[in-house]
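Following: one structure in structure tokens, then a few remarks.
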Amino acid sequence: MDDARIEPVRGEAEREARQTGGDSLTLIVRDLDVTCLIGVYDRERGKPQRLRINMEAAVRPPSAYDDDFAKVVDYSAVLKRIRAAIDDSRVFLLETLADQIMQLCFAEPRVLAVKVRIEKLDRYADLAGLGIELERRRPGS
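Under our numbering, the residues of the sequence shown are numbered 1208 to 1348, in order.
This is the structure we're talking about:
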């Protein structure tokens, strides 16, 4: 993802940093390639499709970076939950899958904002990818 597209999520982390006088922290999942059954049309749902997922989450940083694992978001656990959601997915729309991924991220209370981009990699021969990008702030933040 280029910087222009990820600016709003990073902006949320930076806004939090300005308010608290601390750092900004962004959790990143880049170029996660998966296959799943998704799509509206029968020709899409007949076989698994390759998807590429990128996700960024603005995270409330810890008060100190003292190597205390309990003070940070466990990004391997977030990734595990994302993979499980994809494996269990029976949705038709990329937007719905992106929303499910966001809900998983917001289950972690330190997540302030999330941006998810999902692309179908093989939908058209002349495109590298076709998809959606969804961004949301935690309600009340």
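No residue lacks a Cβ here, since even glycine has one placed at the ideal position from N, Cα and C.
Taking C-alpha positions only, ASP1294 is separated from ARG1257 by approximately 12 Å.
DSSP places ALA1264 inside the beta strand (DSSP E), whose first and last residues are 1256–1266. For GLU1315, the secondary structure class from DSSP, reduced to helix, strand or coil, is coil. Scanning ALA1305, ARG1330, ALA1332, ASP1329 for the CA closest to the CA of LEU1341 turns up ALA1305. Spanning the alpha carbons of GLY1246 and VAL1298 requires a straight line of approximately 8 Å.
ILE1293 sits in a helix when the DSSP states are folded into three classes. Excluding five sequence positions before and after VAL1285, the CB atoms of its chain that fall closer than 8 Å to its own CB belong to LEU1234, VAL1236, ALA1264, LEU1311, CYS1312, GLU1315, given in chain order.
Excluding its 5 nearest sequence neighbours in each direction, PRO1269 has C-beta neighbours in its own chain below 7 Å: LYS1278, VAL1279, listed in chain order. At least 8 Å separates the beta-carbon of ARG1288 from that of LEU1319.
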